[in-house]
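Encoded as structure tokens, the structure appears first; notes follow it.
2 protein chains.
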Amino acid sequence: MTDTLDTRFIVKQFENYIPLSCKDKELVSSLVKPPVTYLKNTSVWHQGTSSERFYILSKGWVYAYRNMEDGTRQVLDLYVPGDIIGLREFAFRKRGSGLMTLSNAELYPFSMPQLSTLFAHSPSLCNVLFTIVARHQAILLERMVNLGRRSAREKLAHFLVELSERLRRVQRIPGNALELPVPQALLADALGLSVVHVNRTCRELKENGLVMPAGSGLTILDLEGLRKVAQFDAYYLEHDAETLSAYLRTSAEANVSPDC
Amino acid sequence: MTDTLDTRFIVKQFENYIPLSCKDKELVSSLVKPPVTYLKNTSVWHQGTSSERFYILSKGWVYAYRNMEDGTRQVLDLYVPGDIIGLREFAFRKRGSGLMTLSNAELYPFSMPQLSTLFAHSPSLCNVLFTIVARHQAILLERMVNLGRRSAREKLAHFLVELSERLRRVQRIPGNALELPVPQALLADALGLSVVHVNRTCRELKENGLVMPAGSGLTILDLEGLRKVAQFDAYYLEHDAETLSAYLRTSAEANVSPDC
DNA sequence: CGCCGCGTTGAAGAAAATCAAAGCACGTGG
DNA sequence: CCACGTGCTTTGATTTTCTTCAACGCGGCG
Numbered sequence: 001m002t003d004t005l006d007t008r009f010i011v012k013q014f015e016n017y018i019p020l021s022c023k024d025k026e027l028v029s030s031l032v033k034p035p036v037t038y039l040k041n042t043s044v045w046h047q048g049t050s051s052e053r054f055y056i057l058s059k060g061w062v063y064a065y066r067n068m069e070d071g072t073r074q075v076l077d078l079y080v081p082g083d084i085i086g087l088r089e090f091a092f093r094k095r096g097s098g099l100m101t102l103s104n105a106e107l108y109p110f111s112m113p114q115l116s117t118l119f120a121h122s123p124s125l126c127n128v129l130f131t132i133v134a135r136h137q138a139i140l141l142e143r144m145v146n147l148g149r150r151s152a153r154e155k156l157a158h159f160l161v162e163l164s165e166r167l168r169r170v171q172r173i174p175g176n177a178l179e180l181p182v183p184q185a186l187l188a189d190a191l192g193l194s195v196v197h198v199n200r201t202c203r204e205l206k207e208n209g210l211v212m213p214a215g216s217g218l219t220i221l222d223l224e225g226l227r228k229v230a231q232f233d234a235y236y237l238e239h240d241a242e243t244l245s246a247y248l249r250t251s252a253e254a255n256v257s258p259d260c
Numbered sequence: 001m002t003d004t005l006d007t008r009f010i011v012k013q014f015e016n017y018i019p020l021s022c023k024d025k026e027l028v029s030s031l032v033k034p035p036v037t038y039l040k041n042t043s044v045w046h047q048g049t050s051s052e053r054f055y056i057l058s059k060g061w062v063y064a065y066r067n068m069e070d071g072t073r074q075v076l077d078l079y080v081p082g083d084i085i086g087l088r089e090f091a092f093r094k095r096g097s098g099l100m101t102l103s104n105a106e107l108y109p110f111s112m113p114q115l116s117t118l119f120a121h122s123p124s125l126c127n128v129l130f131t132i133v134a135r136h137q138a139i140l141l142e143r144m145v146n147l148g149r150r151s152a153r154e155k156l157a158h159f160l161v162e163l164s165e166r167l168r169r170v171q172r173i174p175g176n177a178l179e180l181p182v183p184q185a186l187l188a189d190a191l192g193l194s195v196v197h198v199n200r201t202c203r204e205l206k207e208n209g210l211v212m213p214a215g216s217g218l219t220i221l222d223l224e225g226l227r228k229v230a231q232f233d234a235y236y237l238e239h240d241a242e243t244l245s246a247y248l249r250t251s252a253e254a255n256v257s258p259d260c
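Structure representation (structure tokens):
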């Protein structure tokens with residue numbers, strides 16, 4: 001409750017989309033509460049529980065999954081810092097998926113009604129949030145393509161490239177080789193494959209010099225090579241700031257927001 | 001441009017979520033333009049073209065697809081009347097998927113900037129639209145589970161049950177047997193299978209008395225049976241009107257909307 | 001030391017793809 | 001009215017991809 005709370009990280013996530021007015025920044029800041037931390041491999045929420053909160057991930061990696069009746073699991077989403085998590089349960093009573101940490105993690109909590117508050121007070125932020133869920137939907141779509149119409153090799157390559165692209169957008173790359181702390185069992189459940197087959201496919205990529213094992217996870221050695229294998233097209237990760245601004249200009253001829 | 005334009009169908013789609021104020025209804029109505037019609041098996045838009053419009057489907061069936069470089073195709077979405085189509089390209093420059101009609105179809109067009117206008121003028125509608133995309137995302141997630149972790153048999157059954165559930169929510173069922181005009185090639189591309197395999201799987205279901213061929217498409221004979229095969233749980237199709245109202249109450253203590 | 005989580009490997013089997021060819025309904029033109 | 005083409009379904013035979021089962025390796029840690 002002290003004023004030492006650093007809201008810059010949160011504000012920055014929204015400003016990735018369009019510059020915010022002072023008022024909007026203050027509005028966002030006023031909703032920020034202290035972040036919560038979770039240890040590696042712990043549950044943030046379980047599937048079936050009530051969906052009152054959403055989060056912005058600030059540190060670490062987490063993933064959303066769905067447990068099936070026959071004991072198998074589908075990993076639905078893998079989140080990196082900056083990602084907003086849980087918006088899709090807006091106006092749902094229960095969560096359709098669980099959320100687990102892959103590493104130690106830090107998350108900023110928000111309540112769903114706060115989202116409605118945001119909508120009520122700032123059309124700009126409303127547009128930004130809509131853009132965010134639209135982009136997220138594009139990612140899910142691409143993952144459907146991956147699950148439905150690509151070979152194991154392509155699936156894996158595509159998944160890795162997407163991940164590193166998303167990381168690159170949120171933090172500077174630490175050199176050329178990128179290390180992803182993703183165990184093979186997780187890859188399997190994300191790609192709809194068996195662990196064994198993921199392992200063999202990893203070996204293939206390894207033998208081609210594209211990746212390298214690194215503890216529990218792997219390191220990308222040749223991003224361009226992977227991109228070629230996956231026929232990766234990053235269009236779906238790029239929102240269009242100009243288009244969004246144009247929408248806002250069109251709509252907001254009335255509301256002049258007092259700038260700082 | 002005449003006043004004979006019937007906006008009730010459109011307004012109804014939004015009122016599925018919460019009751020709208022007079023002002024909101026008028027706002028929605030004011031954005032409605034005459035519907036456009038397309039013949040069976042024609043393209044509404046192509047992947048890669050600019051995304052200036054979205055639509056509300058009023059009659060017929062359409063589907064969104066993605067063509068792959070190797071000539072294969074993934075069907076991403078199958079829409080029935082009442083569905084809102086194209087929201088996910090909000091603030092994207094280009095469409096990530098094409099849209100084709102499966103039957104003769106009628107769609108009400110809206111422009112993307114109109115959406116921003118809506119946001120700026122009505123927090124309630126903003127909430128409704130957010131709920132709609134959240135629900136849509138839940139559907140995509142379920143489809144990911146389907147693609148990743150279910151057998152051909154289960155995939156097919158699940159797809160059919162989802163479809164009939166969604167239909168049931170939008171129009172009264174014409175008896176017990178429901179006819180779905182979906183060719184097998186489409187099922188294949190939606191489920192990530194080959195046409196041949198879909199055909200064989202259909203035969204299995206047929207032999208179990210669950211479905212029946214019907215022209216180009218099939219008829220559901222035993223919905224409960226299919227439900228069991230797919231282990232279908234409809235949670236993800238149910239938004240929660242009460243929760244949404246509660247959000248609105250919490251947030252809108254300030255803005256009292258003048259009721260009719 | 002011994003257990004646990006994760007990666008790795010081989011062998012066998014199942015599920016689904018591919019290839020190739022018919023069949024069948026429907027509409028069109030001769 | 002029939003021949004013909006077209007789009008979709010159906011079927012069989014074969015091959016590929018991926019799964020399952022089973023086992024072992026290996027580093028970390030109580």
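Just so you know, the sequences run in chain order A and B.
Residues in the first sequence are numbered from 1 upward in steps of one, following the working numbering.
Residues in the second sequence are numbered from 1 upward in steps of one, following the working numbering.
All residues carry an ideal CB built from backbone N, CA and C; glycine is no exception.
Source: prediction; values computed, not measured.
| Item | Value |
| --- | --- |
| Three-state secondary structure (DSSP) of B:T101 | strand |
| Under 9 angstroms (Cβ pairs) to chain A, residues found in the region 218 to 251 of chain B | Q231, Y235, Y236, E238, H239, D240, A241, E242, T243, L244, A246, Y247, L248, R249, T250 and S251 |
| Bridge partner(s) assigned by DSSP for B:I220 | B:L178 and B:V211 |
| Beta-carbon proximity list for A:Y79, same chain, < 8 angstroms, skipping 5 on both sides | L57, W61, V62, Y63, A64 and I85 |
| Residues in the region 65 to 84 of chain B having any Cβ partner in chain A nearer than 7 angstroms | R66, M68, E69, T72, Q74 and L76 |
| Amino acids of chain B, ordered along the chain, whose beta-carbon sits closer than 8 angstroms to that of A:K94 | Y235 |
| Under 8 angstroms from the C-beta of B:V196: neighbouring residues of chain A | Here the premise fails: no neighbours, minimum Cβ distance about 16 angstroms. |
| C-beta neighbour in chain B for A:Q13, strict 8 angstroms | no |
| Presumed contact (8 angstroms Cβ cut-off) between B:T131 and B:Y17, rounded CB distance | 5 angstroms |
| C-beta neighbour in chain B for A:V256, strict 8 angstroms | The predicted position of A:V256 is uncertain, since its pLDDT is 48 and thus under 50; no value can be drawn from it. |
| Which listed residue (B:S151, B:S43 and B:Q137) has its alpha carbon closest to that of A:T72 | B:S151 |
| Cα-Cα separation, B:D189 to A:T117 | 41 angstroms |
| Minimum C-alpha distance to A:K40 - residue among A:R93, A:V182 and A:Q114 | A:V182 |
| Interface residues of chain B facing A:V133 [CB-CB closer than 8 angstroms] | F130, V133, A134 and Q137 |
| Short CB-CB distance (under 8 angstroms) between A:P113 and chain B | yes |
| Whole-angstrom distance between B:P123 and A:N255, CA atom to CA atom | Residue placement at A:N255 cannot be trusted, given a pLDDT of 49 that sits under 50; what the coordinates show is reported in the next sentence. Distance between the alpha carbons of A:N255 and B:P123: 14 angstroms. |
| Chain A contact for B:P123 (CB, 8 angstroms cutoff) | yes |
| Chain B within 8 angstroms of A:L141, Cβ atoms only | yes |
| Segment limits, beta strand (DSSP E) that includes B:R53 | R53 to K59 |
| Three-way DSSP call (helix, strand, coil) for A:Y17 in this model | coil |
| Spatial distance of A:S245 from B:E89 (CA atoms) | 15 angstroms |
| Classification of B:D70 by the beta-carbon crowding that lies within 10 angstroms, buried from 16 upward | exposed |
| Proximal chain B residues relative to A:L147, where beta-carbon distance stays under 8 angstroms | M144, L147, G148 and G192 |
| Secondary structure, beta strand (DSSP E): runs of 3+ residues fully inside the region 89 to 166 of chain B | 98 to 101 and 105 to 111 |
| Boundaries of the beta strand (DSSP E) in which A:S43 is found, first to last residue | S43 to W45 |
| Separation of B:A120 from B:P258, as counted between CA atoms | Note that B:P258 scores a pLDDT of 48, beneath 50, so its modelled location is shaky and nothing firm can be said. |
| Three-state secondary structure assigned by DSSP to B:S50 | strand |
| Given A:A185 as reference, the closest of A:A177, A:T4, A:S216 and A:P19 once Cα atoms are compared | A:S216 |
| Per DSSP, cross-strand counterpart(s) of A:R203 | For A:R203, which the question treats as bridged, DSSP gives no partner whatsoever. |
| Closest by C-alpha distance to B:V133, when choosing among B:L115, B:A105 and B:K228 | B:L115 |
| Beta-carbon contacts of B:L125 that lie in its chain and below 6 angstroms, excluding the five residues immediately before and after | D24 and L118 |
| Cβ of A:K91 within 8 angstroms of any chain B Cβ | Residue 91 of chain A is actually Ala in this sequence, not Lys. Chain B, which has a Cβ nearer than 8 angstroms to the Cβ of A:A91, makes this yes. |
| Selected residue, minimal CA-CA separation from A:Y108, among A:N127, A:R93 and A:P81 | A:P81 |
| DSSP-derived helix/strand/coil call for A:V256 | Residue confidence is low: A:V256 scores 48 on pLDDT, short of 50, so the model does not pin down where it sits. No coordinate-derived value is stated. |
| Limits of the alpha helix (DSSP H) - the one that A:Y247 falls within | A241 to S251 |
| Exposure of A:S30, with buried meaning 16 or more beta-carbon neighbours within 10 Å | exposed |
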